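Residue numbers (our numbering): 3 to 440.
Beta carbons are placed, not taken as given, at the ideal position from N, Cα and C, and that holds for glycine.
Predicted, not measured: the structure shown is a model, and the values here were computed from it.
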Amino acid sequence: LLPLAACGGSPAPPPVVLIGVDGLEWQVLEPLLAAGELPALADLAARGSAGLLSTLEPTLSPAIWTTIATGKPPQEHGIVNFAALEGERLRLLTNRDRRTKALWNVATDAGRSSCVIGWWMTFPAERIDGVMVAQTNTLRQLAVAYGRAIWKGRLVRGLPGQVYPPQRQDEIMAVAAAVESDLDRRMEDVFGVFPHPLRELERRLWDNTRWTFRADAIYAAIARRLLDQGTECELLMVYFGGPDVVGHRFWRYYRPELFAHRPSAEELANFARVIPDYYRYVDRLIGDLVSRLDPRARVIVVSDHGMHAVNVDQRFDRDRPPADVNSGNHQDAPPGVIFAAGADLAQRPLPAAGRPPVAGSVLDLTPTVLALLELPIGRDMKGEILRTLLAPGFLQRHPPAYVATHDSRRWLAERPQQLLDPAVEQERLEQLRALGYL
């Protein structure tokens, strides 16, 4: 991950690593950090800083993660939801619907390398200086009742356009296949073995978790492969979605005292630790990636929103639709979190107890990353540099440059046009309807 040395022999700026973790909630993080059970995030907080991040409402993943990557609100970048109406037809949104450049486009324009893995709305993969592995929101899943109701994408075998450069797609798919072949062991390593048989509702919830775990494990394995190969990535972006999924599905088992219809003792024995276990797992993935980086790397871990209990007064029965058996949600925009450490980033200790301060907004990530990369910030971006994250004097030594915009008509005209297979797209739309998103 070491970029090439700058002219004259001076070292190049260390890479920026942006790790997106969907749905991290501070009230889950705080006790785990205090108990020493999240060593990677604790290390980032100790070496740098941590805080809350205000978000957008409604908290729709494709919209917010595109905002994080562009510095613009959904109305401007064009990804406002999962799908859009075209006449009487509902069509899934894809990368081609984004109307403004993202971090990887700006980096490519400047001759800087990027590696982008699993980020929302990156299918079809774009031509960039580096490697892009798309999150393809067309998951072909088990054709069982409710088992297909997943809204996190993954790699889909046999579908072109998921990897750039395209000649690396077979290699990347082989990494995914290796993870899938060992998935049961990996999940048992994280969650253990359930002491009691699963009832139908619990089996449904657990099947959902299996698919998102697979996606996260695959994205992590791809990132490890690129780093171990020495792939040049002056900007590395990786996305993990699992904490959001288990938050939706298992909040009732994590905080049973909040719910009128409490889980049974057997259900709690099976599922009470799923949310903390997944947080520990993601922390392990983060630590594994950080261990492979240049020690000077500027590492930023960010979530798009938090999570809290919902449906606290209703019964949770197998006959209810999937959206009604969610026990966690975030549609009122609870804040996300941010951890940042590395060269040029400030060291600010966490408060001894309670919630950390609000560091900024999801709109602020792109201007901050561009400032760290010493690339110009678009004046049409709505966010600001997160100055409290930066080391004292950094902006004086590296005054940020600005341009009116990074966008152009030519860039829009050259956007990728590949469409999803209609049958795959229809399956995805059915998943989103089942979840109540459409």
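Determine the extent of the beta strand (DSSP E) in which Ser56 is found, giving its start and end residues. For this step, residue 56 is matched to residue 54 along the sequence shown. Unbroken beta strand (DSSP E) run through Ser56: 51–56.
Can you give the Cα-Cα distance for Trp106 and Val371, rounded to whole angstroms? Stepping through the sequence shown from its first residue, residue 106 is reached at position 104. Stepping through the sequence shown from its first residue, residue 371 is reached at position 369. If I take the Cα positions, the gap works out to 11 Å.
In whole angstroms, give me the CA-to-CA distance for Glu259 and Trp253. Taking the sequence shown and counting its residues from 1, the one referred to as residue 259 is at position 257. Taking the sequence shown and counting its residues from 1, the one referred to as residue 253 is at position 251. Straight through space, the alpha carbons of Trp253 and Glu259 are spaced by roughly 11 Å.
If you check the beta carbons only, do Val248 and Ile277 fall under 7 Å apart? As a working mapping, residue 248 is identified with position 246 in the sequence shown. As a working mapping, residue 277 is identified with position 275 in the sequence shown. In contact: Val248 and Ile277 (Cβ atoms closer than 7 Å).
At the level of alpha carbons, what is the spacing between Ala176 and Leu291? Stepping through the sequence shown from its first residue, residue 176 is reached at position 174. Stepping through the sequence shown from its first residue, residue 291 is reached at position 289. Their backbone Cα atoms lie some 20 Å apart in a straight line.
For Pro41 and Arg294, what's the separation of their Cα atoms in angstroms? For the purposes of this step, residue 41 is taken as the residue at position 39 of the sequence shown. For the purposes of this step, residue 294 is taken as the residue at position 292 of the sequence shown. Pro41 and Arg294: Cα-Cα distance of roughly 16 Å.
For Thr72, which of Leu391, Ala406, Asp366 has the nearest alpha-carbon? Position 70 of the sequence shown, counted from the start, is the residue given in the question as residue 72. For the options Leu391, Ala406, Asp366, the alpha carbon positioned closest to that of Thr72 is the one of Asp366.
Under the three-state DSSP convention, the category Glu88 falls into: In the sequence shown, the residue the question calls residue 88 occupies position 86. Correct three-state label for Glu88: strand.
Who does Met239 pair with in a DSSP beta bridge? The count along the sequence shown starts at 1 and reaches residue 239 at position 237. Met239 pairs with Leu20, Val118.
Val181: buried (16+ other C-beta within 10 angstroms of its C-beta) or exposed? Position 179 of the sequence shown, counted from the start, is the residue given in the question as residue 181. So Val181 ends up on the buried side.
Per DSSP, what kind of secondary structure is Met134 in: helix, strand or coil? Here residue 134 is taken as the residue at index 132 of the sequence shown, counted from 1. In this structure, Met134 counts as strand in the three-state DSSP scheme.
Hey, would you say Asn328 sits closer than 7 Å to His263, going by beta carbons? For the purposes of this step, residue 328 is taken as residue 326 along the sequence shown, with counting starting at 1. For the purposes of this step, residue 263 is taken as residue 261 along the sequence shown, with counting starting at 1. For Asn328 and His263, no; Cβs fall outside 7 Å.
Rounded C-beta distance between Tyr281 and Gly120? I'm assuming under 8 Å. Counted from its first residue, the sequence shown places residue 281 at position 279. Counted from its first residue, the sequence shown places residue 120 at position 118. Contact doesn't hold; Cβ gap of about 18 Å is too wide.
Drop a sphere of 10 angstroms on the beta-carbon of Asp321, count the other beta-carbons inside from all chains shown, and report buried for 16 or more, exposed for fewer. Residue mapping note: residue 321 aligns to position 319 of the sequence shown, counting from 1. When all chains shown are included, Asp321 counts as exposed.
Inspect the beta-carbon positions of Arg300 and Val23 and report whether they are closer than 7 Å. Position 298 of the sequence shown, counted from the first residue, corresponds to residue 300. Position 21 of the sequence shown, counted from the first residue, corresponds to residue 23. No.
Could you tell me how far apart the beta carbons of Gly344 and Gly50 are, in whole angstroms, since I believe they sit closer than 8 Å? Within the sequence shown, numbered from 1, the residue matching residue 344 stands at position 342. Within the sequence shown, numbered from 1, the residue matching residue 50 stands at position 48. Confirmed, about 7 Å.
Where Leu352 falls: helix, strand or coil (DSSP): Your numbering for residue 352 matches position 350 in the sequence shown. Leu352: coil per DSSP, three-state reduction.
Can Ala37 and Leu377 be called in contact, C-beta distance under 7 Å? Translated into the one-based positions of the sequence shown, residue 37 becomes position 35. Translated into the one-based positions of the sequence shown, residue 377 becomes position 375. Not a contact, by the Cβ cut-off of 7 Å.
So, are the CB atoms of Ala393 and Ala361 less than 7 Å apart? Counting from one through the sequence shown, the residue named residue 393 turns up at place 391. Counting from one through the sequence shown, the residue named residue 361 turns up at place 359. Contact: no.
CA nearest to the CA of Pro76, picked from Glu32, Ala271, Asp334, Arg100: Reading the sequence shown from its first residue, position 74 is the one you call residue 76. Of Glu32, Ala271, Asp334, Arg100, the residue nearest in Cα terms is Arg100.
For Leu198 and Val364, what's the separation of their Cα atoms in angstroms? Start at 1 with the first residue of the sequence shown, and residue 198 comes out as number 196. Start at 1 with the first residue of the sequence shown, and residue 364 comes out as number 362. Note that residue 198 corresponds to His in the displayed sequence, not to Leu. Taking the straight line joining both Cα atoms gives about 41 Å.
Since Leu270 contacts Tyr283 with CB under 8 Å, what's their CB separation in whole angstroms? Locating residue 270 in the sequence shown gives position 268, counting from the first residue. Locating residue 283 in the sequence shown gives position 281, counting from the first residue. No, Leu270 and Tyr283 are not in contact; Cβ-Cβ is about 20 Å, not under 8 Å.
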